[in-house]
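K.L.:
Residue numbers (UniProt numbering): 1 to 382.
We put the CB at the ideal spot given by N, CA and C, even for glycine.
One structure follows; several queries about it will come next.
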Amino acid sequence: MPRIPRVRGLQSLQLAIAPTAPSTRTPFVASRAVSTTCAARSKNTEWVRGKLWKGEAPGPEDPYTQRPELEDPSNLPEEALEPRPRYGSAPAPVQASRLPLPPKRTEATAEKELKSADPTYVPAIDVEGLEEITAIKSWWEQPGHWGEESEFRGFGSPDKAVEKAVVEVYLRRAVVEVLALQEAGAFAQWATKKWRRGDRSDLDQALAVEILVQDGTASLEGDASSVSQSLTAEAEEAGEAHEQPIPLDEAKEMTKTWDSSWKDLVLDDQVKFALRKRLYQLTGNLIPDAKLGAARTVKHILTLASKQPKPPKLAQLLSRRSDLQQLPNIKLHSRKIGPIDKEVAVGRWKVIEEELKKRDLPVTGTGGLSKNKERDWLSGKI
């Protein structure tokens, strides 16, 4: 069998025991240049680049080398290049609002962290003395979070009047006010502004002025200057309550004393717009634009703004007759009396209802069952 010579083994032992001297040989990595491309490969790359571009090739020879990025010179002043301060993320109208906005969402500190920060901290055992935090969905319903200045106030009257006599009274007032502003030379300025609503005295003052119509044009006879001055006065306070419209009987008496010639007044577009706006403010009845364009006179405006009252029901007409109510064998009801109402009046309906439930029959209606087929057979429908 082969054997290892002893001398060679002793030499290896001596080499292992001998102290290692520092090596003076230069490492292979240090002898190489810091480049991954050899000289021959670099020449080949230059030759290929020259053939492709037919001249001086753009870009660096080594595509992996990073080129220093040149800063783009700006023509802006130094003030514009300075960083701007960052404001809140909320929109500007929200930041300028006077309303108390809901607080931002925060998380309470854990009990362990509180104990480590404050040794005297004692957790609560019951809810007595703790602050109650309401839900965010009810934030605007709480007192103090929604002021009076933020409440909605409509332009039109909340009490809508559609009776022809009542609408005619307020329409005549609006016509007098428009003509008074035209005579004062302030109609173009106040045509699109909000006019003062006024009270009953202002209504009587406007109705006291007579309207004279001749050949489609109108003129006022009376104290028209005071009417225009009351309209152009300071606007009424927002919290002032609206007055109730005049009663129907009183309006009918007023319309009987007027001549119908004022309804033949021819209107232009500006006057129609002013009358529609004023009539909506006083009566709450808004004329649609599609119908307003077809109107030519005041009579047309009155027809569009008023509605015919609904005819009274038969029960209402009979209830107004006192002779029927005095008869002992007649009783008036507000609706039609059916068979169930008759059984309830006699006292048999409870018994009938219990018997129907015992037999699993519907108390009222068909209960999803099909209709009587025998009736269709007899009538020849089937």
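Could you tell me the distance, in whole angstroms, from the CA atom of Glu237 to the CA atom of Phe155?
P.N.:
With a pLDDT of only 49 at Glu237, under the threshold of 50, the placement of this residue in the model should not be trusted; the figure read from the coordinates follows. Distance between the alpha carbons of Glu237 and Phe155: 13 Å.
K.L.:
Distance, Cα to Cα, Thr109 vs Lys193?
P.N.:
56 Å
K.L.:
Can you tell me which residues form a DSSP beta bridge with Ser219?
P.N.:
Leu212
K.L.:
Cα separation between Glu210 and Arg296?
P.N.:
21 Å
K.L.:
Going straight from the alpha carbon of Leu361 to that of Ile337, what length do you get?
P.N.:
Inter-residue distance for Leu361 and Ile337 is about 23 Å (C-alpha atoms, whole angstroms).
K.L.:
Mind checking whether Ala218 and Leu275 have CB atoms under 7 Å apart?
P.N.:
no
K.L.:
Should residue 406 and Thr283 be called a contact, given that it needs their Cβ atoms to be closer than 7 Å?
P.N.:
Within the shown structure, residues of the chain are numbered from 1 to 382, placing residue 406 beyond reach of any answer.
K.L.:
In angstroms with no decimal places, state the Cα-to-Cα distance between Thr303 and Asp323.
P.N.:
38 Å
K.L.:
Kindly say whether Glu354, judged by its beta-carbon, lies nearer than 7 Å to any beta-carbon of chain B.
P.N.:
No chain B appears in the structure shown, which is made up of a single protein chain.
K.L.:
Candidates Ile125, Lys331 and Gln308: which alpha carbon is nearest Glu163's?
P.N.:
Gln308
K.L.:
Who are the Cβ neighbours of residue 400 in its own chain at under 8 Å, not counting the five residues just before and after it?
P.N.:
Here the chain comprises residues numbered 1 to 382, so residue 400 is not present and cannot be evaluated.
K.L.:
Enumerate, from N- to C-terminal direction, the unbroken alpha helix (DSSP H) stretches of 4 or more residues contained entirely within the segment 90-128.
P.N.:
92-95 and 111-117
K.L.:
Excluding sequence positions up to five away, which residues of its chain have a Cβ less than 7 Å from the Cβ of Leu286?
P.N.:
Excluding positions up to five away in sequence, the list reads Gly156 and Tyr280.
K.L.:
Which residue marks the beginning of the alpha helix (DSSP H) containing Pro158, and which one marks its end?
P.N.:
That residue, Pro158, is in no alpha helix (DSSP H); it is neither H nor E in DSSP.
K.L.:
Which residues bound the alpha helix (DSSP H) around Val176?
P.N.:
Lys164 to Ala184
K.L.:
Are there three or more Cβ pairs, one per stretch, closer than 8 Å when the segment 135-149 is compared with the segment 187-203?
P.N.:
no
K.L.:
Return the chain-ordered list of same chain residues with a C-beta closer than 7 Å to the C-beta of Ser226, the five sequence neighbours on each side being excluded.
P.N.:
Gln205
K.L.:
If you draw a straight line from the alpha carbon of Val266 to that of Ala161, how long is it in whole angstroms?
P.N.:
25 Å
K.L.:
Can you name, in chain order, every residue of its own chain whose Cβ lies under 6 Å from the Cβ of Val363, other than the five neighbours on each side?
P.N.:
Glu353 and Leu356
K.L.:
Report buried or exposed for Arg173, applying the criterion of at least 16 other Cβ atoms within 10 angstroms of its Cβ.
P.N.:
In the assembly as shown, Arg173 is a buried residue. Its beta-carbon has 16 or more other beta-carbons within 10 Å.
K.L.:
Give the DSSP-derived three-state secondary structure of Val363 in the structure shown.
P.N.:
Of the three classes helix, strand and coil, the one that applies to Val363 here is coil, per DSSP.
K.L.:
Between which two residues does the alpha helix (DSSP H) carrying Ile301 extend?
P.N.:
That run of the alpha helix (DSSP H) goes Val298 to Ala305.
K.L.:
To the nearest angstrom, how far is the alpha carbon of Pro339 from that of Leu378?
P.N.:
26 Å
K.L.:
I need the straight-line Cα distance from Asp376 to Gly365, nearest angstrom please.
P.N.:
About 19 Å.
K.L.:
Taking a contact to mean a Cβ-Cβ separation below 7 Å, would you say residue 384 touches Lys299 in this structure?
P.N.:
Since the displayed the chain opens at 1 and closes at 382, residue 384 lies outside it and no answer follows.
K.L.:
In whole angstroms, what separates the C-alpha of Leu76 from that of Glu56?
P.N.:
Going from the Cα of Leu76 to the Cα of Glu56 covers about 36 Å.
K.L.:
Between the alpha carbons of Val176 and Gln214, how many angstroms are there, rounded?
P.N.:
Going from the Cα of Val176 to the Cα of Gln214 covers about 15 Å.
K.L.:
Quick check: what's the CA-CA separation for Val169 versus Ala233?
P.N.:
So the two alpha carbons sit approximately 23 Å from each other.
K.L.:
Provide the residue span of the alpha helix (DSSP H) that contains Ser225, from first to last.
P.N.:
Ala224 to Leu231
K.L.:
Can you give me the C-alpha to C-alpha distance between Ala345 and Ile382, rounded to a whole angstrom?
P.N.:
40 Å
K.L.:
Assuming Glu250 contacts Arg200 under a Cβ cut-off of 8 Å, what Cβ separation, rounded to an integer in Å, is found between them?
P.N.:
Rounded, the Cβ-Cβ distance is 11 Å, inconsistent with contact.
K.L.:
Going by the CB atoms, is the gap between Leu207 and Glu221 shorter than 7 Å?
P.N.:
In this structure, Glu221 keeps its C-beta atom at 7 Å or more from the C-beta atom of Leu207.
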